[in-house]
Structures are given as structure tokens and as C-alpha cells.
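Note sheet for the following structure.
Number of protein chains: 4
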Amino acid sequence: MTSPQRKSFGSDNHAGAHPAILSAVLAANAGDATAYGDDPLTEQTVSRLREAFGAAAAFLVFGGTAANVLGLSLLVRPFEAVICAESAHLNENECGATERALGSKLLAVPTPDGKLTPGLMAARLAGRGDAHHAQPRAVEIAQATEVGTCYTLRELQEIREFCDEHDLLLYMDGARLANAAAHLGCTLAELAGHADVLSLGGTKNGALGAEAVIVMNEAHAVAAPYQRMQLMQLASKMRFLAAQFGALLDDGLWLRNASQANRMARRLADGLAGMPGFRLAYPAEANGVFAVLPAAQASRLQQDWNFHVWADLPGGECVARWMTAFDTTEADVDEFIAAIRVTAGHGHPVA
Amino acid sequence: MTSPQRKSFGSDNHAGAHPAILSAVLAANAGDATAYGDDPLTEQTVSRLREAFGAAAAFLVFGGTAANVLGLSLLVRPFEAVICAESAHLNENECGATERALGSKLLAVPTPDGKLTPGLMAARLAGRGDAHHAQPRAVEIAQATEVGTCYTLRELQEIREFCDEHDLLLYMDGARLANAAAHLGCTLAELAGHADVLSLGGTKNGALGAEAVIVMNEAHAVAAPYQRMQLMQLASKMRFLAAQFGALLDDGLWLRNASQANRMARRLADGLAGMPGFRLAYPAEANGVFAVLPAAQASRLQQDWNFHVWADLPGGECVARWMTAFDTTEADVDEFIAAIRVTAGHGHPVA
Amino acid sequence: MTSPQRKSFGSDNHAGAHPAILSAVLAANAGDATAYGDDPLTEQTVSRLREAFGAAAAFLVFGGTAANVLGLSLLVRPFEAVICAESAHLNENECGATERALGSKLLAVPTPDGKLTPGLMAARLAGRGDAHHAQPRAVEIAQATEVGTCYTLRELQEIREFCDEHDLLLYMDGARLANAAAHLGCTLAELAGHADVLSLGGTKNGALGAEAVIVMNEAHAVAAPYQRMQLMQLASKMRFLAAQFGALLDDGLWLRNASQANRMARRLADGLAGMPGFRLAYPAEANGVFAVLPAAQASRLQQDWNFHVWADLPGGECVARWMTAFDTTEADVDEFIAAIRVTAGHGHPVA
Amino acid sequence: MTSPQRKSFGSDNHAGAHPAILSAVLAANAGDATAYGDDPLTEQTVSRLREAFGAAAAFLVFGGTAANVLGLSLLVRPFEAVICAESAHLNENECGATERALGSKLLAVPTPDGKLTPGLMAARLAGRGDAHHAQPRAVEIAQATEVGTCYTLRELQEIREFCDEHDLLLYMDGARLANAAAHLGCTLAELAGHADVLSLGGTKNGALGAEAVIVMNEAHAVAAPYQRMQLMQLASKMRFLAAQFGALLDDGLWLRNASQANRMARRLADGLAGMPGFRLAYPAEANGVFAVLPAAQASRLQQDWNFHVWADLPGGECVARWMTAFDTTEADVDEFIAAIRVTAGHGHPVA
């Protein structure tokens, strides 16, 4: 399924690691270091993360699913439920990890664009105080969302206010938080200020594989070391996770990587504008382009290019998901646009 | 707690990664690769692992606790229990990860040397067929054990036969499997042949952080991809885990690393022989030396050297755990022995 | 909230126990009996249940939520999901018991009438074979449903065929199975023949409190004794649960109780026919009437009568749920109809 | 296995229900009652329980295992562990219900007589603050214990003080709390005053089947309604559980029942005194006699009498468990003593 000669638009996970990340890992390899995070590099990196977010604590973990589960483990008990978008990664793409690890129910809401709103959340608040119902206690949002959209700061503020009014805690899945910050032109702290706990994705931002769970309030952090261990996320050679985040924080690498990916998605979206048979399913605000096109054309494109069909639509159309990464180049995008152009005009949707 | 100038004897996790591992990770970074293991390097590495073990399947995960939990998830249901040594890592050092992820009870047995025997296992078989009792269904052994001992092939054979006679499945925690193979002079397949599922530790063997779950029988492997994902262990950039195991398998690096560590532990144990006030708590068969010494002396040593006190003993003695790694040198050991010698004669145990 | 002078239409759980049930419990009290079901009355009752259902095994438990969880525990593992109607009791009214006890995700589907169909089930089959998705493994249907409708035998047959085609197991929540059998004029075995595991509700059928889990195939029954105990459902004085089911099976009491309740619901539905401002939300096929009426009128009625508002509708209307029980009389229904009539004409919906 | 002609000494669960319990259930059957505990009888009974215990709240559940799990669910999170005696019912006889429902590890300690002491508890406090270890957070004791012994009020006080000093919460398994109160001549409140949460067993005290979870402090009670529902313990026809506790509280029936059972155990123990080959394994302080006798003799006795062999001892001896109930009579005991006398002198232990 890989096509070594052509850039993959299949996932931001298809990219390798940024050279600076690799250099940092190599540098971290010198000498011994106490395991499980009790080493200077980890302490320093965690401290930098805390500062960047204005947070009480930060915990490094292996992957994005784990970050979500660990993050929510700090906010809900088994009889408490999490309101989320139906399209949420933790609802659709994590094999039920949250339900298993936490015992908690997800209260999923269909959304038009991957984004919750106060109105959509309100629809899942029924049954509070009634022992027959799992009790809504936290809200989960992804920033950026799984469909390439971003909450504006105002939208985040409205969600935060809704949470406060209704005694709900807010967890933000930040697997692509850097892309959201790049899109909004805001700081990580500005995003984090709306959440109780959030994640910062390193893997999709150029790391080998590392995510951070950021805890804004000390009270929510007390159990985190134990939860992380019990949830199988305590790295023994922690310095190598720390090194990755250290490199991302150096000279704003996280932001440059995300900005590059976002720009390439924007370039791709712009390049499709006006192409017959095409339209965007969602605005391309982060590093993904979700395009509606004839399914037959998508199939033809997939012969040479690596990407996922996100959804089948009636009438012979589908939604293709095209992701860009920190290392996607203008030439990659332009080659892809050219290929799309070639396949266009064929495979018109069924009338 | 780190002492950069002196080799740590605190854990085989205090070492960094072997240069060949780092080179392999760098080499794996070229170009795009489909995520979640659907890439050529992962396929090739998994194939090599299968071959080395004579196994049906192999699954890469992030850490040792996860390997244990995933491995056991393939063998037991929540009402089924796991017989293990009281000193088992999964019983004592994983914050209850097994109980939480699987819902299963551990039936722990005190052992003289970290090793189960048919007699010890038999003591935990009570209550089979009685719904009030968690049903013993699997046995967990560590090879090498947590206290530096190894099961002989004959002992493994006896345990396997006991399991077969009593309808028990066998999981082998191989966080230090390489050290056991080096000690016994046997192949990985010879060890694996006694187990149903086992792990192969990469991290303590010179990797950055990677473990493998090896499944001997196809029937036990069917659920593994889903269990791995739900248990938060599916790496997106899987090629980087694969690269680490690829390097360990190249030219027997895994064996050279383990052999070096074992030799250094042996050298340390030999160097202590006859030193007054010292004795080995367990035979030094893998890469750890567990030495009984006066607690006051251990404290003094800890001022300059990084290691754990494993247990306090009556009479002012303690058991110190001294671990060696692939990169421990003869000079490191000799320097440590000299330091021990200097502190000896002081801190006699309370009469 | 109870109104002792007037029959409650709030729930079939508001009724007490049928006198024959109480007599059976008293009779069962004579002498000693070995605990946990190892007594002659339990053995005999279980045997009668097996025969009535053509089943391999039957297990008595305390309540309906437990019956659902135990039943599903025999069919799914944590990474396997259960397709169900959004209105399913186990989805909406059991505080997330399934998710917590089993770790499994529920794949809930909106339905027009509480009933799944092959088409609705097919919509939740996405992601099979993909480790990112909880794997659909079982289907849950309630017979009768939570909104007073019943699957016809033909509909059950279609669901069974769909399950067989798609390698799905079928669990039937039979909290009101007797009402469904009474409605359809079929045997319990005819209903059970479509399921792999199902429950038989005693509590809503005139018992003090007892439910049975019926397992059609021996292979699914093997783990049941242990699951029942671990799920906290093994009664020590089991004879008293057995006595209740014994009485229900005697002379078809279960059917007479259910038929009476159904008839009273039918009488109520008929009595409302043509009343201005009223319509049925769902056909009244079992022992519940779900009526659309002006919300203000429902509120007035609730001052004197015990019942739940099932849903608020736009335009000032609501759905009221009126349940009948084995002991609801024609006089009760007629008194209630008269009361409704009195409140009608007031509280017109907002234009 | 039942022997209808002879009183069972197999379990206090082999007895039926006290006539006053049955009368109360019958009386509670009149008319409708709102389900799930929202009825006057339940409210009144819960209020009486609160008063009897000086407690903040009380919750009725179906069985003893459930009471233990619900009780502990109010005190620990999954990474927190429960210190208990190895012989604890929740450790040995509940099929791992605690581990599954709560995800928590049990830290079991061997005891000489079923009773924890500060010294024994201290032995399981290792690893606090270390994320690798499940964190001891609660202590579980049974009062009376599973081997027929009772903690004195002074011993309870010492345990309470130990808990307070070490930031531990105390759960008391009161499946036989009435027997302990009868033995000690103290009130339920005096016992409860040492605990944070405890259970009150109805079933072994003459009920059909009902247990109560008593919560001393309001803060621990907040989650209880949801935990009870999610743990499948919310009875719909709650009035029938309430009726049982109501009857037990009337005129001190709970105390009379327990006192009678205790007296009969004492009479049995006294009757064995001096019988050759016999000795008590534990003092008979509640309603059980644990007697050491030749195993061959125990086998012979079991041909005519229903009881369990608690443990096999070396040298051809065993420990027999003989339980008495509220309805055990002097004649029952005397007949049993006579039977034991007849079998004595045969089956001498191996020299």
C-alpha cells in the first residue's frame, strides 16, 4: 500500500520523523539516565511543556489513544459519561479503548463538521441525577477535528462557558493541536486555557512517536502518575520521549511543522477549487482536505496515490481524505493536483 | 539520582540504546510508510520474529507491562485467574495493570528464588469448577526472573507438562528473554516452545523502547490486533518499532547484548565472592546481582552509585539489586567492585 | 410519588407480586436447602425453564440489567461491540453497566419504533477487520421493545438470518418476553429459537424480583456460572428465586399475567382512540401505551396519576408512557380513561 | 446434597427465612409502589438503618458480594489497592468480582485467625508514592470474620487508628455483622463508628436475600446511587428488600436471630470440648465452629450431615466448618454432637 516514489496523502502518520527529532534522540542517548522519567531531560522537558501551556503538569505517553484515555481517566469515574462528536477519534477509531479502560459510556452526537456546539451538547444532558443514566461529566472535543476543521477561540470560549454552567469538565484531544494553533495564530496556552486536560500530539507533528497529556489544574494531576502506569503508558527509557518534545519546542519547530502541513493542505484545496465534480466536504483549516468527488475517480487515483476514502455518498460520490504532513512539499501537492486533474472528467457520478 | 560520571547499576533501563538500533531507526526514516504496521519493514520484521521463535504471529508494542497484559489478554477471560510468583513484575510492579485491563485475579505464590515449580503451582489450583473461585487458567513465569535467575530447559519442560496436565496455558514474560537464552545457550525457539504466548523484551536489550508479543498458536493470535489497539498499544509509526527489532535480529545483536550484560553480572558476582559480610541472595544467572550486605554499607554506596535496595532484611542487612546492561564494561564493574570493597568493613550488621 | 388510591400506570414494576408467587416463596421456605442453587427446587425449575425454551441451560439472576449484562458476557469480548437500538434499555437506562462490566462498546442505532431491522443493523457493520474499530459481534434486541412494540416472528427470522449471514450472535432482552409471547400467540421456545441467549423477565410479570438468562447452545453456557458469580448475581438462597419462576411456569401463570397486562394496554389504547389531541406514538402491542398528547395536559394528569413523560415533542406536545401490569383491572383502565377525558380539551398544544 | 431430615451445618445460607421476614414481605405487597426505592417503605427503612448506624446513608442491594464491591467502589479508584486478609471472602470466594468491577488489586495478607492487625497491614504498605505499585487506599475487614472470630472493639479501634495514621479508608464486610454485635454486646453504631463504609448482612440473619451498604460519611455516599445501578444492584421492586430489613429492625429481630445462632455455635463448641482427636481451629465467637478432626471422620460425618471441609491439614487431619443459623435448635446441636461422638474413635489421624 505504500508508494515510495510518491508522497502519501494517506495520513500525517505516513511521514517519518523530522531530522531535528532524530538528532535530539541521538543526543539523548549519551550516558545513563534514570528510568521512568526521573532524569534531567524529562524533568526539563516537562517543565517546558508546563510553561508553554500554563499548565500544572504534563505527562508523556506513547500514543494518541493512550493520551485520550489517560486524559479522561483524570476527569471521569465509570458511571460518568463523556459527551463527544460521533466522528470523534475516541468514539470511532480507538476500538472502544475508553469504554474498556474507564468503563465509561460515550454520549456521541452527530455533528455537521466534527465540532460540538452548546446546542449539540445540551442534547446529551438528559438524565442527570437519575441513577439509570450514565452521568454526563466531561466533554471531549478534538482541536483540530478529525475532519480538518478547527474551533475558533470564540467557539472554544462558548464551549467552556457551557461546561462551567453545566458542571462539565473539558478534555481536548490535541493529536493535531499544533495545526489548530497554526491555523488560529494563537499560542498553545490560549488553546489550553479553555480545557481542563488536553493532549499535545507529537507523532503527527514530526515525532517518532510521542504524545503529551497536559493537566491544567493540579487537582486533576494527582492521580496521573498511577493512571499512566496502570494504563501501560509509563516509558522506561523516558528520555527518548522527552527528547522528541524537547526538539519540537526548540525554536518553535512544532509550529513550523504544523504551518507547513497546513499550508500544503490549503494549497491542495485551492488547487482543486473550481475543478468540475469537486467540492470540499469541510473547510480545510488544518492539515487535511476532505473532498467530495466521484467514487470511480477516487478509485483510479488510489491506484497511484495512498489515501483513504472517508465516506461513501449516495449518487456515486465519495469523500476522500487527503492529509498533509510537515514534510509535504509544494512539488508533492502540485504533482497530486496534476494527477487529480488527469483523472477528472472520467467517472462522473451516477445521474 | 543519575550519576553521569559512573555507570548505573540501577537498572538495565538506565542504559541508552545500542548504536545499531539508532542507525536502524535512522535508516527506517526514509520516505513515507503506511501507518499501523502495514509497511514493508514491519512485515519483514514480524516475519523474522515468527521464524526465530517458530511462532504463528508476533505483535510489537511499546512497553513491557503492555506486553504482559496483551499476552495474557489472549489467554484468559475476566473470571479466569493467572498463577504467578509473588515477585512477578506483573504482580508487584505494574500498578495493577493486569487486574484493571483484564479484570482477572492474580494468584500469587511466594517462591524462594522467583521461580514457580509444579508444587508451587499446584498450591493455587484450589476451587476449580467452583463458581466462587476465580478459575486458574494461565500460568505466568518470567524468564529470566525478576531476581536474576533462569529456569532451566528441564524446569520449563516440567512446568509445561504441569500446564498440559491441568489444562493451563503458559505465558512467559520475556522482558529479559535474551539474557535467559544467553545463559542457557539455547535458541529463542527452544524457550518459546514451552509457552503459549511470550514476550521478547527489546528495551532492556538495547532498544529505545520496544517489546514484542509472540504467539505460538494461530488460535491465540486471532484477537491480538484488536486487543493491541484497545489496550492502547498500536503504534502509528510502527516502522520505528520494527526497525529496533530488525537491528536486534541482525547478526545476533540481541544475543551479543545479552551475553555482555550477563558476563558483567557474573564478573561482579565473582568479584564479590569471599568479601566479608556479602553473600548472593540468588544465583547470578542473567544480568542482575542480588547481594546481601549490611544496609548501612548499601546506603553509603548509594551516595555515589545508582542502584535499588530490593529488600530490607532483619539484622541490619539488605538485598541490593545491581543490574548490568549491554553497555556495561569490565572497567565499570571493576570500578564498582573497588568501591564496594572500600565501603566494606564499615557498617557491620547489628549483632 | 405513589398514589395508593389509584392504580399506577407508571411502570409494570409498580405492581406488587402475584399471590401465587408469594405462596410459592412461602412453600419454598420449609427446611434447609443447600445454597447457591444446589437445591432440588432450583434444579427442577431450571430444568423446566430449559424445557420451555428448548434451551441448553438457564441461570437465575436478581434483575434485568444483570440479565442483559450476563447474557452478553457469554457472547462478546471487550473489543467486540453490540449493535442495539438507541432506545435499548441497556443503552439508555442501565447507567452504562454493559460498558463497565464487559468493556464493550454499544453501537446504537436510532429506530422509528424501537425495533432493529437488517437495514439498520447493516449501517453499524463498518470497520470489521480493522483493528481501529470495535468489532460488531452481537446484536441486542428487546422483545417486547421498550416502546411497547413487538417483533413479529417473521421479523425475528429476518434478524436471525442477517446475524447468520454476518457472523453475529443474537441476544434478546426478554424483560417483557411474556408480553411478546402473549401478543404473538406463540410459545417461549418459538421466540427463543431465534436467539443465542435471551432473558426471561419475572419481575415485570408478577414476581417479587427474579430474571432468568436462557442459553440456547451449550457452548455459550460453559462460562455462565463463573460470569454470574463474578458479576455479583449468584443468589445464596437461590430457592427463593427458583420458587418465583416455578410459580410462573405453573398452569401458564406467566402467560395469564402477560395477557391480562396486554389486554389492559389495548383497552386503554382503544379508549383513547378518536380523543381529540391524542394519537399513539407506537402501536400498543404489549403492555404499554405511548400516547402523544399536549404536555400541559400530561402535567395535569400527573398530579393524580403516576406515569412518566417519555419524551418532549416540539409544539407543546409530549409522549406519555402508560404501562399496565398483571393486576391492572378494567375498572382501573376505565377510571384512567375518564380522567384523561376530563383533562382533554385543556392544555392545547402551542399553535 | 440437602438432608431434609437433619439440620444443615453447611452454611447459615442453608436456612430459610424467618417467618417475620416473610410476613413483612407479604404485608409490603399491598397496592402499588413506585419502583427503584422511591417508595415510603424503602424511605422509612433506609431512615431506620441510618439511625441505627449513625450513618449518612444506606443502600439496599441483592447480595453480599455486591455489597462488598459497591462498598469499596465508594472508596477506591482502579489504581488504588485494598489490603485484606488472605481468607477474606472477597479475596477467596467472590470469583474476582472486586478486581473485575473496580479494576483494583487486593493486597492479601495471611493471618492466623482471619483478623488483620496493624502489624499485618503495615506489611502491605510498601510502594506508596511509587507509580509502579498499586496504591494502598482502603483496608477491608470482615466482622465477624470468615472463620468465626470477631474483632474486639479495642482491636477495631487500633485498626481505625492505623488507618487514620496512614491515610487509609476502612471497609467492613458485615455479612455477619449481627453475629459480631451479639458476641460483643455492642450496638451496630459502635461497630460502624470505626468504619467509613460497611455492609449489614440480611441474608445470613434470616432474610430471603438482602444486604445493606452503610455509608458513614456523606462525601462517600454521593456516587453510591449510580454505582449501585451500574453494578447491577438496583432492585426495581425495592419495597421487598426494604420489607426484609424493616422486619429485622423490628423489636431487635436481627439481634435475636444472631444471638440464637451464636449460642448454638457456642453449644456445639462446648459439646466438643475434651472429645479426643478434636480441637478448635479458631475460637467460636460468632455462629461458626471450625474444628480440627481426623479427615476420615469428617468424611464419615458428611455422609449424613451437610457441612464443608474448610481445609486439609497434614497428618490426616482437616478443619471442618460447622455453621449455625437463626433457626438452629438445641436439639439440632445435640443430635449433631451425638453423631460426632459416634464417629469419634474411628479414623485416627496418621501417627
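Residue numbers (the numbering used here), protein chains in the order written: chain A, 8 to 358; chain B, 8 to 358; chain C, 8 to 358; chain D, 8 to 358.
Ideal Cβ positions, reconstructed from N, Cα and C, are used throughout, including at glycine.
Note that the structure is predicted; figures quoted are calculated from it, not measured.
Q: For Gln234(C), decide whether its Cβ has a neighbour in chain B, counting only Cβ atoms nearer than 8 Å.
A: yes
Q.
Using C-beta distances below 7 Å, list every residue in its chain close to Leu127(B), excluding the 5 sequence neighbours before and after it, in chain order.
A. Val116 and Thr118
Q) Going along the chain, which residues of its own chain have a beta-carbon closer than 6 Å to the beta-carbon of Ser10(D), five neighbours each way excluded? A) In this prediction, Ser10(D) has a pLDDT of 45, which is less than 50 and means its spatial position is unreliable; what the coordinates show is noted afterwards. Within the same chain, Ser10(D) has close Cβ partners Asn313.
Q: Under 9 Å between beta-carbons, which chain B residues line up against Ser111(D)? List them in chain order, please.
A: Gly103, Glu106 and Arg107
Q | Against chain C: residues of the segment 45 to 56 of chain D by CB proximity under 9 Å | A | If the cut-off is 9 Å between Cβ atoms, the segment 45 to 56 of chain D has Asp45, Asp46 and Pro47 near chain C.
Q.
Tell me the rounded alpha-carbon separation between Val146(D) and His21(D).
A. 30 Å
Q | Contact residues within the segment 81 to 96 of chain A, judged by C-beta distance below 7 Å to chain D | A | Arg84, Pro85 and Phe86
Q) If you drop the 5 nearest sequence neighbours on each side, which residues of the same chain put their C-beta closer than 8 Å to that of Leu114(D)? A) Take Leu114(D), set aside five residues on each side of it, and the residues of its chain with a beta-carbon closer than 8 Å to its own are Ala88, Val89, Ile90, Cys91, Arg131, Ala141 and Pro143, in chain order.
Q) How about Glu337(C) and His190(C): do their beta carbons lie closer than 8 Å? A) no
Q | Residue burial classification, Glu99(D) (beta-carbon count within 10 angstroms, cutoff 16) | A | buried
Q | Arg274(B), enclosing alpha helix (DSSP H) - first and last residue | A | Leu260 to Leu279
Q.
Residues of the segment 133 to 147 of chain A in Cβ contact with chain C at a cutoff of 7 Å, in chain order, please.
A. Ala138, His139, His140 and Ala141
Q | Segments assigned alpha helix (DSSP H), at least 4 residues, entirely inside the segment 162 to 202 of chain A | A | 184 to 191 and 195 to 199
Q: Mind checking which residues open and close the alpha helix (DSSP H) that includes Leu56(B)?
A: Pro47 to Phe60
Q: Tell me, please, whether the CB atom of Gly295(C) is closer than 8 Å to any CB atom in chain D?
A: No, no contact with chain D.
**Q.** Inter-residue spacing [alpha-carbon to alpha-carbon] between Val357(C) and Ala351(C)
**A.** Low per-residue confidence applies at Val357(C): pLDDT is 40, beneath 50, and the placement is therefore not dependable, though the value from the model is reported in the following sentence. Going from the Cα of Val357(C) to the Cα of Ala351(C) covers about 15 Å.
Q: Scan the segment 284 to 344 of chain D and note each continuous beta strand (DSSP E) run of 3 residues or more that stays entirely inside, going in chain order.
A: 295 to 301, 315 to 319 and 324 to 330
Q: Output yes if chain A places a C-beta closer than 8 Å to the C-beta of Ser15(C); else output no.
A: no
Q) For Asp203(B), does the count of other Cβ atoms within 10 angstroms reach 16, so buried, or fall short, so exposed? A) buried
Q: Give the C-beta separation of Trp317(C) and Arg328(C) to the nearest angstrom, bearing in mind that I take them to be a contact with Cβ-Cβ under 8 Å.
A: 4 Å
Q.
Using the three-state DSSP reduction, which class does Gln12(B) fall into: helix, strand or coil?
A. coil
Q: Enumerate in chain order the residues of its own chain whose CB-to-CB distance from Arg57(D) is below 6 Å, with the five nearest sequence positions on each side excluded.
A: Excluding positions up to five away in sequence, the list reads Ala65.
Q: Would you mind sorting Ser54(C) into buried or exposed? The rule is 16 or more other CB atoms within 10 Å of its CB.
A: Exposed, since its Cβ has fewer than 16 Cβ neighbours within 10 Å.
Q: List the residues of chain C that Leu241(B) touches, going by C-beta distances under 7 Å, in chain order.
A: Ala138
Q. Can you name the residues of chain D whose CB is closer than 8 Å to the CB of Asn100(B)?
A. His139 and His140
Q | Stretch pair the segment 94 to 112 of chain B + the segment 69 to 79 of chain B: three plus CB contacts closer than 8 Å | A | Judged by Cβ distances under 8 Å, the segment 94 to 112 of chain B makes contact with the segment 69 to 79 of chain B, as three or more pairs qualify.
Q. Within 10 angstroms of its Cβ, does Val154(C) collect 16 or more other Cβ (buried), or is it exposed?
A. buried
**Q.** Beta-carbon contacts of Glu101(A) that lie in its chain and below 6 Å, excluding the five residues immediately before and after
**A.** Thr72
Q: Under 7 Å between beta-carbons, which chain C residues line up against Val204(D)? List them in chain order, please.
A: None at all; the shortest Cβ gap to chain C is about 16 Å.
Q | For Pro125(D), the first and last residue of its enclosing alpha helix (DSSP H) | A | It spans Pro125 to Ala129 - the alpha helix (DSSP H) in which Pro125(D) sits, taken as one unbroken run.
Q | For Gln234(C) and His227(C), the rounded distance between their alpha carbons | A | 11 Å
**Q.** Sequence-distant residues of the same chain with beta carbon closer than 6 Å to Cys325(D), five excluded per side
**A.** Here the set comprises Ala302, Ala305, Val316 and Asp319.
Q.
If you reduce the DSSP assignment to three classes, tell me which class Leu205(A) lands in.
A. strand
Q. Would a check of beta-carbon distances place Leu260(C) closer than 8 Å to chain D?
A. Output row for Leu260(C): interface = no.
Q.
Taking 8 Å as the threshold (C-beta atoms), are Leu48(A) and Ala250(A) in contact?
A. yes
Q. If you compare alpha carbons, which of Gly61(B), Ser18(B), Phe16(B) and Ala31(B) is closest to Glu225(B)?
A. Of the listed residues, the one whose Cα sits closest to Glu225(B) is Gly61(B).
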